[in-house]
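Student: Below you will find the structure I want to go over with you.
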Amino acid sequence: MWNGKSKAVTFSYDDGVTQDLRLIELFDKYGLKGTFNINSGHFGKDMSIVRNGVQISHKRFSGSDIARVYKNHEVAAHTLTHPNLTTLDEKDIIYQVEQDRLTLSDIVGYEVFAMAYPGGGVNNDDRVAKVVRDYTGVKFARTTTSTYSFDKQTNLYRFDPTVYHHGDGIKKCREVAERFFDLRSDEPQLLYIWGHSFELDIHDDWAEMEELLLYLANRDDVFYGTNSEVLL
Ligand SMILES: [Zn+2]
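Under my numbering, the first residue of the sequence shown is numbered 25, with each subsequent residue one higher.
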């Protein structure tokens with residue numbers, strides 16, 4: 025239960041790109057809370073990437089922007105430089121996670137506990153999760169595998185999100201959200217949406233995203249919190 029409420033909504037967005045600012049404006053407008061998973065080794069890098077045949081900006085915030093941009097939300101680790109952790113040995117996994125976590129903790133002035141595994145596809149496994157659990161200060165780590173479910177999960181070091189706003193689509197998020205709000209359960213139920221804010225630029229899905237956020241917001245029986253607030 026969260027503040028006596030049996031339902032919670034949270035968001036998780038990756039890479040610390042400058043489009044986060046626009047998404048955060050929407051989160052703040054509708055009273056929503058999210059966790060932003062950031063690669064401190066890429067601070068200030070100005071790049072673009074091609075997604076679905078469209079070239080879009082993938083510019084990262086500078087370290088000096090982080091505390092201000094994310095002040096109403098949670099900052100979380102995403103490794104220093106975004107390697108696929110399943111390809112690294114134990115020492116390098118610890119370095120990538122812990123250096124990122126400690127750098128971000130210094131910047132924001134609180135201890136960073138959250139993490140999302142970098143990279144799509146198979147970006148984590150039991151070995152990596154065990155290293156993160158046993159040798160870093162991370163308390164939970166998100167995968168990219170949609171569950172379409174709201175049930176409590178036992179393995180917080182391979183925590184699966186409910187739905188992906190881009191890969192599954194915003195329409196799918198809306199369907200899942202309708203099912204979430206209709207659900208009557210005695211158990212706590214969590215709707216966990218993840219993505220990258222730059223994906224909203226690909227087909228200019230910002231208006232559709234705002235409609236989804238408006239639909240999710242302002243419900244008396246729902247707790248809106250960061251990942252740490254809903255998972256720990
Ligand atoms: Zn990423």
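All residues carry an ideal CB built from backbone N, CA and C; glycine is no exception.
1) State the Cα-Cα distance for the pair Y97 and K57, rounded to the nearest angstrom.
2) Per DSSP, what are the beta-bridge partners of T34 in this structure?
3) Taking 6 Å as the cut-off, is the beta-carbon of P142 closer than that to any non-hydrogen atom of ligand 1?
4) Roughly how many angstroms lie between the CA atoms of N294 and I73, to the nearest whole one?
5) Does the beta carbon of A140 come closer than 7 Å to any beta carbon on chain C?
6) Mark V78 as exposed unless 16 or more other C-beta atoms lie within 10 angstroms of its C-beta, in which case mark it buried.
7) So the candidates are R198, T169, A101 and K29; which of them puts its Cα closest to the Cα of E234?
8) Is F51 helix, strand or coil by DSSP?
9) Kindly examine ligand 1 and report whether one of its heavy atoms sits closer than 6 Å to the Cβ of D52.
10) Bridge partners of E235, per DSSP?
11) Count the other CB atoms, across all protein chains shown, that sit within 10 Å of the CB of E114; report buried if there are 16 or more and exposed otherwise.
12) For Y188, count neighbouring C-beta atoms within 10 Å of its own C-beta (all shown protein chains included) and say buried if the count is 16 or more, exposed if not.
13) Between the C-alpha atoms of D158 and A231, what's the straight-line distance to the nearest angstrom?
14) Going by beta-carbon coordinates alone, are T42 and K83 separated by less than 7 Å?
15) Check whether the Cβ atoms of S30 and L128 sit closer than 7 Å, and answer yes or no.
16) Rank G219, M25, V121 and F35 by C-alpha distance to the C-alpha of G144 and give the top, closest one.
Tutor: By the coordinates alone:
1) Start at 1 with the first residue of the sequence shown, and residue 97 comes out as number 73. Start at 1 with the first residue of the sequence shown, and residue 57 comes out as number 33. For the record, residue 97 in the displayed sequence is His; it is not Tyr. Going by the C-alpha atoms only, they are around 6 Å apart.
2) Position 10 of the sequence shown, counted from the first residue, corresponds to residue 34. Answer is Y216.
3) As a working mapping, residue 142 is identified with position 118 in the sequence shown. Indeed, a heavy atom of ligand 1 lies less than 6 Å from the Cβ.
4) Past the boundaries of the shown model lies residue 294; the chain is included only from 25 to 256, so the question cannot be answered.
5) Of the protein chains in the structure, only one exists, and it is not chain C.
6) Your numbering for residue 78 matches position 54 in the sequence shown. That one is exposed.
7) One-based indexing of the sequence shown puts residue 234 at position 210. Minimum Cα distance to E234 is reached at R198.
8) The residue labelled residue 51 in the question sits at position 27 within the sequence shown. Note: F51 maps to helix in three-state DSSP.
9) Walking along the sequence shown from the start, residue 52 turns up at place 28. Outside the cutoff, so no.
10) Taking the sequence shown and counting its residues from 1, the one referred to as residue 235 is at position 211. In the DSSP output, where bridge partners are listed per residue, E235 has none listed.
11) Looking up residue 114 in the sequence shown gives position 90. Under this definition E114 is an exposed residue.
12) Numbered from 1 along the sequence shown, position 164 holds the residue referred to as residue 188. When all chains shown are included, Y188 counts as buried.
13) Walking along the sequence shown from the start, residue 158 turns up at place 134. Walking along the sequence shown from the start, residue 231 turns up at place 207. When rounded, the distance between both Cα atoms is 42 Å.
14) For this step, residue 42 is matched to residue 18 along the sequence shown. For this step, residue 83 is matched to residue 59 along the sequence shown. For T42 and K83, yes; Cβs fall inside 7 Å.
15) The count along the sequence shown starts at 1 and reaches residue 30 at position 6. The count along the sequence shown starts at 1 and reaches residue 128 at position 104. No, they are not a contact pair.
16) Taking the first residue of the sequence shown as position 1, residue 144 is located at position 120. Per the Cα distances, G219.
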